[in-house]
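2 protein chains.
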Amino acid sequence: MSLKRILLSGSEIPTAWYNFQADLPEAMPPVLHPGTNEPIGPDDLRPIFADELIAQEVTQERWVEIPDAVREVYAIWRPSPLVRATGLERELKTPARIYFKDESHSPPGSHKPNTAVAQAYYNKQQGVKRLTTETGAGQWGSSLGFACSLFDLECKVYMVKVSYEQKPYRRSMMQLWGATVLPSPSDQTEAGRQILAVDPECPGSLGMAISEAVEEAVQDEEAKYTLGSVLNHVMLHQSVVGLEAEKQMELAGDSPDVVIGCVGGGSNYAGLAFPFLRHRIAGKEIRFVAAEPRACPTMSRGEYRYDFGDTTKLTPLIKMYTLGHSFVPPGIHAGGLRYHGMAPSVSLGIKLGLIEAVALHQVECFEAARMFAATEGIIPAPETSHAIRAAIIEAIKCRETGQEKCILFNFSGHGLCDLAAYDKYLSGSLDDFDYPQQKIQDAIAELPEIG
Amino acid sequence: MSLKRILLSGSEIPTAWYNFQADLPEAMPPVLHPGTNEPIGPDDLRPIFADELIAQEVTQERWVEIPDAVREVYAIWRPSPLVRATGLERELKTPARIYFKDESHSPPGSHKPNTAVAQAYYNKQQGVKRLTTETGAGQWGSSLGFACSLFDLECKVYMVKVSYEQKPYRRSMMQLWGATVLPSPSDQTEAGRQILAVDPECPGSLGMAISEAVEEAVQDEEAKYTLGSVLNHVMLHQSVVGLEAEKQMELAGDSPDVVIGCVGGGSNYAGLAFPFLRHRIAGKEIRFVAAEPRACPTMSRGEYRYDFGDTTKLTPLIKMYTLGHSFVPPGIHAGGLRYHGMAPSVSLGIKLGLIEAVALHQVECFEAARMFAATEGIIPAPETSHAIRAAIIEAIKCRETGQEKCILFNFSGHGLCDLAAYDKYLSGSLDDFDYPQQKIQDAIAELPEIG
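In order, the protein sequence lines correspond to chains A and B. Counting with the working numbering, you get residues 18 to 468 for the letters of the first sequence. Counting with the working numbering, you get residues 18 to 468 for the letters of the second sequence.
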């Protein structure tokens, strides 16, 4: 019997995170202050983030040691399995070998706790009492709630109001882990009150929720803010995914020719891809494919420009692929991929031609997820279905050319809290969305003219 | 860093199931024909079950080989982790060592696929084209749907109508795996039509759904019926849980003093307990604690009598602990524990004094689940929360007596599809139920008088 899953033992959880900045052929552009357009320093960030996370944001060290307390929590679900998708291979009649790194076994069900646990730990170490953050459908908020619960930190999550009301299950998950969850806009912050004064029925947005969470962290000396993607320290923490996968591919006696992931803010893809990207930079022939929705085609149709991380222009300016901070993507079910920007590190990878993008329709991704569930048994998150669809496209190419390539993708999360979306898909009432050209053009026209 | 999880490699999936019947100190009472009250033979069961499963139902062989094709599907999630509940131990300040066998990582989220996969395989081998079954909230139906999808069998699930309408997520799960799901009572069977003729608005029950699923299997030559608990062959398949746990406890250098599980029909508990029970029968001092809801106290308040497996008296008569087939338990959230009877093998274990029962309140179990989620990070199914509560009771006893006991329980499934129940618990609107004495007395009075 061939081995379906390649498992590592508990002692093989990585002891250090890998920092892609150390190997980038070009330095990352500085982050700019939103008021002065000048590069910001650590002091500007101290009211918002824990000191150690600020240091990790800019470090050029290749390896950053993982504290034992973080590895002990990782041990709840890590090392995660690397799985050979034999059922999918058979179904596709492809000569390709398809592997996926299964990040769905964490208690909240995705890769997000890889960084949530680290962020909670460093804040706890610094004596911070509570963490604030925003969440859309709840993947990030539930992961931070989980992490805070284990490190005995208070957790306050501003959840986009429409999700708070329509998707109560991840809210219950956060509350079970002891987090306080507020529908945003709320009357708890100045930002929220201002929005409600204008529109008491406002359904909220991720941009508004960021404003509320940052405001509370800045005004409360015992609190800090946390972000679940985009930033360098988040990509750093996610590198455990790729480091484990590297070891597991070796155990399988194989090596990936194509490394695939879905991309919203960039963290699950960076987590898998960056440890392999250093081999590409060192000369190894590996392709890197980042899959995004056509409804929110940041890499395929965005520009590499300085832009704000949030809709309300509160965050520093970062150089990244962006559709413009005022761009509002259509309501696809892969909520985690509905972001106007892209991690600056992933953006630079694209700019340098190291990573290629593919933009996919919602329905073809759900179809890929259905095929995956029927052949591999596991139900993917709608976000993850984009990675699966991209892997299937590569596997079909192999069938057509006869090439026996090795395809590796990140299975970033399960879809057990997304079954309502599958219900829509199965009943044939799921909408497709193509590139929203005019909206993108309008939003990019609003971008600040910098460097 | 001590090892949080004890993992086995893919090659360590058991190669044979363990059959408790081989080691029982007393033979199991025969199953009787519901018309004649005479012992039934294999021929009586052939229209309903696959031949190999009928053979496994009565075999006295100690070990039954697991087919490679079944082990290959098991490899999607097996071997499952054995986890040391260090967070829970710390919270309880107990000198006890608490371990749990984590069966929540199967794609449907529970132990049920351990038998669903085996049943689908033997039916496929026999040339059966489709399987029928009933399901309440959907745990069993989704597991059979998953298994049928991988063995390319049609699957038809009669789902209790009130669950079909109010709990659509597990229905979507089954449909995504390609199963046909019908609300029961339906107009597809004679049994369903008769019920609907009397009460067109009937919300359905598990008993009615069994009637429909059995009727369809009997009338369709290409179909067979499957059951997810109670029967001996189901307990046999579930023994992989305990066999793996046995090996993992050895690797941990430990040995359980108490083995705990929640009990509905008995299969998850038998799966963990039976492989350890053979050591008890051989003289080793181990306690066995089966946790049930006070709302449905089959072992604590039932009688050891011949009774029907279903409400509508269609099934053979089996000797078991029962509250009476007409007993309708209060609407607790642990739907999988709302069964009037008990696996005859587990029942005999209780009768012989090998297994002791504990009956728990719903709210104390949710409170235990909340503590577990906060300290171990994982959200339990409401059924599983009964095992956790029973383990906590034992751990607190150890704190009080200073005894350093080793407690092992089965974490039978996660609660990610049960967050609505947690929402009720967190909002304080969860009802408690004590022993329904009068209803039990009335139902037991209706039992047939046999041997």
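Virtual Cβ for every residue (Gly too), placed ideally from N, Cα, C. This structure is a prediction, so every number in the text was calculated from the model and none was measured.
Asked                                                                                                                                                  : Found
Within this structure, are the beta carbons of C172/A and A196/A separated by less than 8 Å?                                                           : yes
Terminal residues of the continuous alpha helix (DSSP H) containing I298/B?                                                                            : 284–298
Who are the Cβ neighbours of S123/B in its own chain at under 6 Å, not counting the five residues just before and after it?                            : W94, P130
Span of the alpha helix (DSSP H) holding W157/A?                                                                                                       : 156–168
May I ask you to report which of helix, strand or coil DSSP gives W34/A?                                                                               : strand
Compute the Euclidean distance between the alpha carbons of Q205/A and R147/A, then round it to the nearest angstrom.                                  : 16 Å
Keeping to the same chain, check which residues put their C-beta closer than 7 Å to that of R188/A; ignore five residues upstream and five downstream. : G155, M176, Y181, V198
According to DSSP, simplified to helix, strand and coil, what is G430/A?                                                                               : strand
Where do the ends of the alpha helix (DSSP H) carrying Y452/A lie?                                                                                     : It is not in any alpha helix (DSSP H) - Y452/A carries neither H nor E in the DSSP assignment.
Which partner residues does P310/A have in the DSSP bridge list?                                                                                       : L377/A
For S201/A, name the three-state secondary structure that DSSP assigns.                                                                                : strand
By Cβ distance below 8 Å, which residues in the same chain neighbour R318/B in space, the five residues on each side in sequence not counted?          : L340, A376, Y452, Q454, I457
Is the segment 214–230 of chain A touching the segment 126–144 of chain A, taking contact as three or more C-beta pairs under 8 Å?                     : no
Taking a Cβ distance cut-off of 7 Å, strictly less, list which residues of the segment 185–196 of chain A are near chain B, in chain order.            : P185, Y186, S189, M190, Q192, L193, W194, G195
My guess is that L371/B and R297/B are in contact by the Cβ rule of under 8 Å, so how many angstroms apart are they, rounded?                          : 6 Å
Could you tell me which residues DSSP pairs with A240/A in its beta bridges?                                                                           : R147/A
Run down chain B in chain order and give the residues with a C-beta less than 7 Å from the C-beta of A391/A.                                           : S166, W194, G195
On the CB-based measure, 16 or more other CB atoms within 10 Å of its CB, does P346/A come out buried or exposed?                                      : buried
Does the segment 412–424 of chain A come within contact of the segment 439–446 of chain A, defined as at least 3 CB pairs closer than 8 Å?             : no
Sort S28/B, V280/B, M388/B by Cα distance to Y315/B and report the nearest one.                                                                        : According to the sequence displayed, residue 315/B carries Thr and not Tyr. Cα-wise, what sits closest to T315/B is V280/B.
Do the segment 271–278 of chain B and the segment 299–315 of chain B touch if we need at least three Cβ pairs shorter than 8 Å?                        : yes
Considering K45/A, what are the terminal residues of the beta strand (DSSP E) in which it resides?                                                     : Residue identity check: residue 45/A is Met in the sequence provided, not Lys. No beta strand (DSSP E) contains M45/A, which DSSP labels as neither H nor E.
Measuring only the C-alpha atoms, how far is A168/B from T329/A?                                                                                       : Per the sequence shown, the amino acid found at residue 168/B is Phe instead of Ala. Distance between the alpha carbons of F168/B and T329/A is about 52 Å.
Once you ignore the five residues that flank V251/B on each side, which residues in its own chain have a CB closer than 6 Å to its CB?                 : T132, S284
Could you give the residue range of the alpha helix (DSSP H) that holds T418/B?                                                                        : 399–418
Where do the ends of the alpha helix (DSSP H) carrying L260/A lie?                                                                                     : 249–268
When we look at the beta-carbon of G348/A and count the other beta-carbons within 10 Å, is it buried (16 or more) or exposed?                          : exposed
Quick check on the burial criterion: 16 or more other C-beta atoms within 10 angstroms. Buried or exposed for E267/A?                                  : exposed
Tell me whether L24/A sits in a helix, a strand or coil according to DSSP, three-state version.                                                        : coil
Where E151/A and H357/B are concerned, what is the direct C-alpha to C-alpha distance, given to the nearest angstrom?                                  : 46 Å
Does Q136/B pass the burial test, meaning 16 or more other C-beta atoms within 10 Å, or should it be called exposed?                                   : buried
Quick one: complete beta strand (DSSP E) runs, 3+ long, within the segment 62–147 of chain B?                                                          : 80–82, 99–101, 114–119
Any idea which residues DSSP pairs L334/A with across the strands?                                                                                     : L49/A, F325/A
Alpha carbon to alpha carbon, how far is P84/A from Q379/B?                                                                                            : 39 Å
Quick one: list the residues of chain B neighbouring D440/A, beta-carbon separation under 7 Å, in chain order.                                         : P185, S189
Of all the CB atoms in chain A, is at least one closer than 8 Å to the CB of E466/B?                                                                   : no
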